[in-house]
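Chemist:
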Amino acid sequence: MEFLLVFVGGGIGSALRHGINLVSLRLLGAQFQYPLGTFCINVAGSFLMGLVIEYGALRSGLPQHGRLFLTTGILGGFTTFSTFALEIGLLNSRGETAAAALYAMGSVAVGLGALYAGMSLVRALSA
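In our numbering, each residue carries its 1-based index in the sequence shown increased by 42.
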């Protein structure tokens, strides 16, 4: 049952990620689609993870299967950390070392900030 939940959730998350990549291609063009699209996905995914973990695990008593479906399934399929690593490597291999470093550090810093913002929002709303 758990594998099925992760499988279905991962498909949903991956489809959402693909949709955002298509929108960023239209809005930003091919040159900026992947770094900025992936950046937005990682930040949004980190924020949503904060919401799900804080509310689902700590506040609502969401069952383990529900948390697994949302976190490992949907958000695991939605976020793109492996793509993030690949894009850093590609920027670096093209000689864009400063862009690679800025992208890596910015994604981690803003992603962590978004995670804590999601957690804080749930805490504030449930107080």
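Even glycine gets a Cβ: it sits at the ideal position worked out from N, Cα and C.
Could you pull out every residue in the same chain whose Cβ sits closer than 7 Å to the Cβ of Leu47, ignoring the five residues on either side in sequence?
Modeler: Within the sequence shown, residue 47 is the residue found at index 5, counting from 1. Around Leu47: His107, Leu110, Phe111, Gly115.
Chemist: Give a yes or no on contact between the region 64-71 and the region 136-149, applying the rule of three or more CB pairs nearer than 8 Å.
Modeler: no
Chemist: Buried or exposed: which applies to Leu144, given that a residue is buried once 16 or more other Cβ atoms fall within 10 Å of its Cβ?
Modeler: Residue numbering aside, residue 144 sits at position 102 when the sequence shown is read from its first letter. Around the beta carbon of Leu144, fewer than 16 other beta carbons sit within 10 angstroms, so the residue counts as exposed.
Chemist: Leaving out five residues before and five after Asn134 in sequence, what residues of the same chain have Cβ atoms less than 6 Å from its Cβ?
Modeler: In the sequence shown, counting from the first residue as 1, residue 134 sits at position 92. Excluding residues within five positions, the ones whose Cβ falls inside 6 Å are Ala142.
Chemist: In whole angstroms, give me the CA-to-CA distance for Tyr158 and Phe89.
Modeler: Mapped onto the sequence shown, residue 158 falls at position 116. Mapped onto the sequence shown, residue 89 falls at position 47. Cα-Cα distance, rounded: 7 Å.
Chemist: Could you spell out the range, first to last residue, of the alpha helix (DSSP H) harbouring Gly137?
Modeler: Position 95 of the sequence shown, counted from the start, is the residue given in the question as residue 137. Run containing Gly137: none; DSSP gives neither H nor E here.
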